[in-house]
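Under numbering that gives the first Met the number 0, the first residue of the sequence shown carries the number 0, and numbering increases by one thereafter.
Scroll down for the structure; my scribbles are underneath it.
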Amino acid sequence: MANNEYDRDLCHSLLTTIALVFVGDSGVGKSNLVRQFTQSEYNPTSKPTIGVNVATKCIQVDFKSIKVKIWDTAGQERYRAPCPYYEGAVGTLLVYDISKRQTYENVKLWLEEMRDHGDANIVAMLVGNKSDMSLQRTVSTEEAKCFASENRLSFIETSALDNTNVDLALQNILGEIYSLVSKGN
């Protein structure tokens, strides 16, 4: 059996599955972040997600194999349903584009939606994507850190284009989730 077949079979036999939801406005790069994390790929001609896409990846957290199920949601209002993807989700990544201020302003709405429809103990991370576009930045790192702190969110800036901090973002939120689960919260 080839290594990737063994990994796939092992992944599907795992007892621990963690569901994450990526939310944010259309065009902030959610699909490319998911693609980088699950397939180590970037698609420069990525089209807006219609409805929701689901991707999976097996990873190690504290020497435990975990299957991560990622819900990549549509950021366009017309495709948004009454948030069924929050059911069973233990983590949410609230994604905005550092070069488009309105996407950052709308994070407040995504956060409200998460708190209205997600579990009370859901772990959330604010993700400023497209850090490769720092010359076009309209949201300072300091402002985003402050917002994250005020709202009890972890924070990171990423770039799906050049794969900056993509794995780190996922490792951080999964580590936080795993820590809470291990403590029985």
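Every residue, glycine too, gets a C-beta built ideally from N, C-alpha and C.
Buried/exposed call for residue 101, threshold 16 Cβ in 10 Å: To locate residue 101, count along the sequence shown from 1; it is residue 102. Exposed is the call here.
Confirm, please, whether the CB-CB distance from residue 51 to residue 19 is below 8 Å. Numbered from 1 along the sequence shown, position 20 holds the residue referred to as residue 19. Numbered from 1 along the sequence shown, position 52 holds the residue referred to as residue 51. Taking 8 Å as the Cβ cut-off, residue 19 and residue 51 do not qualify as a contacting pair.
For residue 16 and residue 33, I'd like the C-alpha separation in whole angstroms. For the purposes of this step, residue 16 is taken as the residue at position 17 of the sequence shown. For the purposes of this step, residue 33 is taken as the residue at position 34 of the sequence shown. About 17 Å.
Output the distance between the C-alpha atoms of residue 168 and residue 131, rounded to the nearest integer angstrom. Residue numbering aside, residue 168 sits at position 169 when the sequence shown is read from its first letter. Residue numbering aside, residue 131 sits at position 132 when the sequence shown is read from its first letter. Spanning the two alpha carbons is a distance of roughly 16 Å.
Since residue 123 sits in a beta bridge, which residues does DSSP pair it with? Residue numbering aside, residue 123 sits at position 124 when the sequence shown is read from its first letter. Answer is 91.
DSSP three-state assignment for residue 62, whether helix, strand or coil: In the sequence shown, counting from the first residue as 1, residue 62 sits at position 63. Correct three-state label for residue 62: coil.
Should residue 35 and residue 165 be called a contact, given that it needs their Cβ atoms to be closer than 8 Å? For the purposes of this step, residue 35 is taken as the residue at position 36 of the sequence shown. For the purposes of this step, residue 165 is taken as the residue at position 166 of the sequence shown. Residue 35 places its beta carbon less than 8 Å from that of residue 165.
Using only alpha-carbon positions, find the residue among 142, 160 and 122 that is nearest to residue 170. For the purposes of this step, residue 170 is taken as the residue at position 171 of the sequence shown. Answer by Cα proximity: 122.
Put residue 0 into one of helix, strand or coil per three-state DSSP. Counted from its first residue, the sequence shown places residue 0 at position 1. Confidence in residue 0 is poor, its pLDDT being 41 and thus under 50, which makes the residue's placement too unreliable to answer from.
Would you identify the three-state DSSP class for residue 156, choosing helix, strand or coil? Locating residue 156 in the sequence shown gives position 157, where the first residue counts as 1. Judged by DSSP in its simplified three-state form, residue 156 adopts strand.
Taking residue 155 as the reference, which of 129, 55, 148 and 125 has the closest Cα? Your numbering for residue 155 matches position 156 in the sequence shown. That would be 125, whose Cα lies nearest to the Cα of residue 155.
Burial state of residue 39 (16 or more Cβ within 10 Å): Mapped onto the sequence shown, residue 39 falls at position 40. Taking every protein chain shown into account, the CB of residue 39 has fewer than 16 other CB atoms within 10 angstroms, so this residue is exposed.
Work out the CA separation of residue 45 and residue 86 for me, nearest whole Å. If you number the sequence shown from 1, residue 86 lands on position 87. If you number the sequence shown from 1, residue 45 lands on position 46. Here the alpha carbon of residue 86 sits roughly 27 Å from the alpha carbon of residue 45.
Top-ranked residue by Cα proximity to residue 152, from 29, 143 and 160: The count along the sequence shown starts at 1 and reaches residue 152 at position 153. Residue 152 has its Cα closest to that of 143, out of 29, 143 and 160.
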